[in-house]
Amino acid sequence: MSGIDYQQLIPNNVDLSNNRRLQRALEKWQPAFLDWWQDMGPEGFQTSDVYLRTAVSTDAEGWANFGFVQMPEYRWGIFLADREKDRTIGFGDHAGKPVWQEVPGEYRNVLQRIIVTQGDTEPASVEQQRFLGKTAPSVYDLRNLFQVNVEEGRHLWAMVYLLHGYFGRDGREEAETLLERRSGDEDKPRILDAFNQTCPDWLTFFCFTTFTDRDGKYQLASLAESAFDPLSRTCRFMLTEEAHHMFVGERGIQRVLRRSAELTKEDSNGDPRNLGGIRLQTVQKYVNYWFSYSIDLFGSEISSNAADYFANGIKGRYRENDLWEDHVAIEASKTLKVLKDDVLVDSEVPLRNAMNEILREEYIKDCELVLKRWNRALDKLDCGFRITLPNHRFHRRQGLYAGQFYDLEGTPITEEQFNAKKDDWLPTDDDRLYVHSLMKPVYEHGKMANWIAPPARGINKNEVEYEYVRLDG
Ligand SMILES: [Fe+2]
Ligand SMILES: [Fe+2]
13 MSGIDYQQLI PNNVDLSNNR RLQRALEKWQ PAFLDWWQDM GPEGFQTSDV
63 YLRTAVSTDA EGWANFGFVQ MPEYRWGIFL ADREKDRTIG FGDHAGKPVW
113 QEVPGEYRNV LQRIIVTQGD TEPASVEQQR FLGKTAPSVY DLRNLFQVNV
163 EEGRHLWAMV YLLHGYFGRD GREEAETLLE RRSGDEDKPR ILDAFNQTCP
213 DWLTFFCFTT FTDRDGKYQL ASLAESAFDP LSRTCRFMLT EEAHHMFVGE
263 RGIQRVLRRS AELTKEDSNG DPRNLGGIRL QTVQKYVNYW FSYSIDLFGS
313 EISSNAADYF ANGIKGRYRE NDLWEDHVAI EASKTLKVLK DDVLVDSEVP
363 LRNAMNEILR EEYIKDCELV LKRWNRALDK LDCGFRITLP NHRFHRRQGL
413 YAGQFYDLEG TPITEEQFNA KKDDWLPTDD DRLYVHSLMK PVYEHGKMAN
463 WIAPPARGIN KNEVEYEYVR LDG
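Positions 13 to 485 (the working numbering) are the ones given, in order, by the sequence shown.
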């Protein structure tokens with residue numbers, strides 16, 4: 013049964029009305045969530061009607077439901093992908109045994125920590141993006157922002173359901189704490205660094221949704237392999253929502269690139285800034301910055317935690333069943349590049365200890381496809397510019413390459429060499445200020461800010477000019 017019961021206070025497809033204790037606990041958490049949304053959700057627009065999609069079922073057609081809703085009235089709820097009959101553990105030391113419907117005592121702490129860490133990113137991103145509505149480049153973009161925001165709120169629900177449902181009193185306390193931490197707050201920061209950065213402009217937002225939401229995709233995909241079946245099912249459904257967030261980011265950057273290329277051609281000095289556009293090189297710097305920040309999120313290249321997660325069946329590889337043959341991975345090893353006396357040398361690591369790196373590699377492959385699509389679009393404009401992805405060693409603050417210096421190709425360099433090139437590679441204060449200066453809202457239906465091209469088509473077969481947000485509400 014994948015249908016969702018919307019008659020309930022908390023829409024769900026987990027038969028919540030037959031679990032009164034859990035239902036009551038979640039109904040107690042719900043007002044706290046709504047308070048958090050009013051405080052930390054999108055600034056303004058809370059009484060505007062927004063054209064949003066709401067899941068009606070968790071199968072492929074479940075997304076067909078679009079309609080106008082005021083954000084605080086959005087039907088956040090608990091939606092799990094269907095239970096797979098006779099599902100068995102797909103990897104690690106318990107491979108082949110039945111999956112767990114309850115949390116095994118010995119993995120309780122670690123599972124809880126993983127769920128809390130994932131859960132924390134969801135409200136964090138809403139907080140990071142809360143002022144963007146004030147500077148939306150179009151009503152179309154405004155609607156997409158809000159769609160992402162309400163769904164990140166829904167992802168918080170997904171994790172809170174697990175905490176309440178499977179982790180007892182500790183879980184309930186963690187669920188409260190998820191509403192208490194604040195992105196960027198000195199005393200109560202969000203758990204992961206990238207989620208404490210500000211998101212002051214739309215170029216950052218599009219980079220964030222391209223690269224950081226895509227990290228989310230890979231974390232969710234590896235948890236979708238988990239032996240803890242409720243976690244697996246939750247993540248499988250979250251992945252369908254995540255796809256839209258990455259679409260918003262990828263197409264957003266593509267539209268900026270297009271407009272930048274057009275304005276570069278138009279200006280007699282080849283500087284789009286003279287015409288109120290963004291330089292292609294500036295977009296490249298933002299990409300360098302957010303790509304490097306996002307790959308930090310995968311954790312250290314060599315990790316005994318990652319090895320344990322794999323051994324215990326908690327976190328698998330991306331598409332474990334389709335892409336790998338050896339699901340135990342006890343004999344195999346992986347070669348990593350390690351800096352020794354200023355030279356990169358090969359180092360053999362037991363495969364299980366390299367699981368973070370293996371997931372990161374899949375992520376990078378996915379990013380390379382995005383770049384390919386951006387470059388295909390740039391080629392068509394014949395502007396002579398191609399966008400590139402920096403090497404995974406560039407500008408890292410976590411893991412094996414943190415504290416070391418590499419150029420964009422991943423060649424080791426000195427700190428002085430890095431500092432001499434830094435302003436060419438990463439956004440400078442001037443770049444940020446300039447991008448910031450362009451952030452003026454365009455709320456007229458169908459109009460676009462000058463620094464971004466219109467999208468190829470609207471949402472759900474509507475025109476680009478469609479009234480996606482009714483601002484008078
Ligand atoms: Fe999310
Ligand atoms: Fe997302």
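Built from N, CA and C at the ideal position, the CB exists for glycine as well.
Scan the region 149–231 and note each continuous alpha helix (DSSP H) run of 4 residues or more that stays entirely inside, going in chain order. Every alpha helix (DSSP H) of 4 residues or more that sits fully in the region 149–231 is shown, in chain order, as 151–178, 180–190 and 214–219.
Is Tyr305 helix, strand or coil by DSSP? On the sequence shown, position 293 is the one that residue 305 refers to. In the structure shown, Tyr305 sits in a helix (DSSP, three-state: H, G or I).
Cα separation between Gly396 and Arg388? Walking along the sequence shown from the start, residue 396 turns up at place 384. Walking along the sequence shown from the start, residue 388 turns up at place 376. So the alpha carbons of these two residues sit roughly 12 Å apart.
What is the DSSP secondary structure of Gly145, reduced to helix, strand or coil? Translated into the one-based positions of the sequence shown, residue 145 becomes position 133. Correct three-state label for Gly145: helix.
Considering Phe78, what are the terminal residues of the beta strand (DSSP E) in which it resides? On the sequence shown, position 66 is the one that residue 78 refers to. Start and end: Phe78 to Gln82.
To which residues of the same chain is Arg155 closer than 8 Å at the C-beta, ignoring the five residues directly before and after it? Sequence index remark: in the sequence shown, residue 155 carries index 143 (1-based). These residues qualify, in order along the chain: Val62, Tyr63, Leu64, Ile471, Tyr480 and Val481.
Using only alpha-carbon positions, find the residue among Arg469, Trp41, Leu450 and Asp17 that is nearest to Asn30. Translated into the one-based positions of the sequence shown, residue 30 becomes position 18. Answer by Cα proximity: Asp17.
Which ranges would you report for the alpha helix (DSSP H) in the region 382–441 if only whole runs of at least 4 residues count? 427–437
Rounded to whole angstroms, what's the CA-CA distance from Ser312 to Leu348? Just pull it up for me. In the sequence shown, counting from the first residue as 1, residue 312 sits at position 300. In the sequence shown, counting from the first residue as 1, residue 348 sits at position 336. Approximately 12 Å, taken between the alpha carbons.
With a 10 Å radius around its C-beta and 16 neighbouring C-beta atoms as the bar for buried, classify Trp108 as buried or exposed. By one-based count along the sequence shown, residue 108 stands at place 96. Checking the sequence shown, residue 108 turns out to be Gly, not Trp. Exposed, by the Cβ-count rule.
Delimiting residues of the beta strand (DSSP E) encompassing Lys352: By one-based count along the sequence shown, residue 352 stands at place 340. Run containing Lys352: Ser345 to Lys352, per the beta strand (DSSP E) assignment.
Cβ distance (whole Å) where Ile399 is taken to contact Val268 below 8 Å: Numbered from 1 along the sequence shown, position 387 holds the residue referred to as residue 399. Numbered from 1 along the sequence shown, position 256 holds the residue referred to as residue 268. So it is not a contact: roughly 11 Å between Cβ atoms.
Is Asn365 closer than 7 Å to Ala319 when the C-beta atoms are compared? Mapped onto the sequence shown, residue 319 falls at position 307. Mapped onto the sequence shown, residue 365 falls at position 353. Yes.
Counting only the same chain and skipping the five closest in sequence on each side, list residues whose C-beta sits under 8 Å from that of Ala323. The count along the sequence shown starts at 1 and reaches residue 323 at position 311. Taken in chain order, the residues that qualify are Gly104, Asp105 and Arg364.
Kindly identify the DSSP beta-bridge partner or partners of Asp358. Here the question's residue 358 lines up with position 346 in the sequence shown. For Asp358, which the question treats as bridged, DSSP gives the partners Lys349.
How far does the beta strand (DSSP E) with Arg65 in it reach, from first residue to last? Residue numbering aside, residue 65 sits at position 53 when the sequence shown is read from its first letter. Secondary structure note for Arg65: its beta strand (DSSP E) is the uninterrupted segment Asp61 to Arg65.
Beta carbon nearer than 6 Å to a non-hydrogen atom of ligand 2: Glu164, Asp225, Gly228, Glu254 and His257
Tell me whether Ala170 is buried or exposed, calling it buried when 16 or more other Cβ atoms sit within 10 Å of its Cβ. Within the sequence shown, residue 170 is the residue found at index 158, counting from 1. Answer is buried; the Cβ neighbour count reaches 16.
C-beta atoms of Leu157 and Glu134 nearer than 7 Å: Working through the sequence shown from its first residue, we reach residue 157 at position 145. Working through the sequence shown from its first residue, we reach residue 134 at position 122. Note that the C-beta distance between Leu157 and Glu134 is not below 7 Å.
Mind checking whether Val160 and His257 have CB atoms under 7 Å apart? Mapped onto the sequence shown, residue 160 falls at position 148. Mapped onto the sequence shown, residue 257 falls at position 245. Their beta carbons are under 7 Å apart, which means Val160 touches His257 by this criterion.
Ligand 1 heavy atom lying under 6 Å from the CB of Glu139: Residue mapping note: residue 139 aligns to position 127 of the sequence shown, counting from 1. No, Cβ of Glu139 sits at least 6 Å from all heavy atoms of ligand 1.
Is it the case that the CB of Glu134 approaches a heavy atom of ligand 1 more closely than 6 Å? Translated into positions along the sequence shown, residue 134 becomes position 122. Within the cutoff, so yes.
If I'm right that Ile101 touches Asn24 with Cβ under 8 Å, what's the distance once you round it to whole angstroms? Within the sequence shown, the letter at position 89 stands for residue 101. Within the sequence shown, the letter at position 12 stands for residue 24. Not a contact, Cβ separation roughly 26 Å.
Specify the secondary structure class of Gly15 as computed by DSSP and reduced to three states. Within the sequence shown, residue 15 is the residue found at index 3, counting from 1. The answer is strand: DSSP assigns Gly15 an E or B state.
Please report how far the alpha carbon of Tyr321 lies from the alpha carbon of Glu477, in whole angstroms. Along the sequence shown, read from residue 1 onward, the residue named residue 321 stands at position 309. Along the sequence shown, read from residue 1 onward, the residue named residue 477 stands at position 465. The alpha-carbon atoms of Tyr321 and Glu477 are separated by roughly 48 Å.
Could you check what DSSP says for Trp88 in three-state terms: helix, strand or coil? As a working mapping, residue 88 is identified with position 76 in the sequence shown. Trp88 falls in the coil class under three-state DSSP.
Would you decide whether Tyr178 is buried or exposed? Buried here means 16 or more other CB atoms lie within 10 Å of its CB. Here the question's residue 178 lines up with position 166 in the sequence shown. Result: buried.
Regarding His167 and ligand 1, is the C-beta to nearest heavy atom distance less than 6 Å? For the purposes of this step, residue 167 is taken as the residue at position 155 of the sequence shown. Within the cutoff, so yes.
Among His448, Leu215 and Thr252, whose alpha-carbon lies nearest the alpha-carbon of Gly228? Locating residue 228 in the sequence shown gives position 216, counting from the first residue. Nearest of His448, Leu215 and Thr252 to Gly228, Cα basis: Thr252.
Helix, strand or coil for Pro54 per DSSP? The count along the sequence shown starts at 1 and reaches residue 54 at position 42. Coil at Pro54, not helix or strand.
For Pro467, collect the residues of the same chain with a Cβ closer than 8 Å to its Cβ; drop the 5 residues on either side in sequence, then sort them by chain order. Translated into positions along the sequence shown, residue 467 becomes position 455. Excluding positions up to five away in sequence, the list reads Tyr152, Arg263, Arg267 and Val476.
Apart from the five residues on each side of it in sequence, which residues of its chain come closer than 6 Å, Cβ to Cβ, to Arg270? By one-based count along the sequence shown, residue 270 stands at place 258. Excluding sequence neighbours, Arg270 sits near Ala465.
Is the beta carbon of Thr70 sitting closer than 7 Å to the one on Ala37? Mapped onto the sequence shown, residue 70 falls at position 58. Mapped onto the sequence shown, residue 37 falls at position 25. Taking 7 Å as the Cβ cut-off, Thr70 and Ala37 do not qualify as a contacting pair.
Straight-line CA distance for Met13 to Tyr305? Position 1 of the sequence shown, counted from the start, is the residue given in the question as residue 13. Position 293 of the sequence shown, counted from the start, is the residue given in the question as residue 305. Its pLDDT being 42, under 50, Met13 is placed unreliably in this model, and the coordinates cannot settle the point.
Can you tell me the Cα-Cα spacing of Leu275 and Pro84, whole angstroms? The sequence position of residue 275 within the sequence shown is 263, counting from 1. The sequence position of residue 84 within the sequence shown is 72, counting from 1. About 39 Å.
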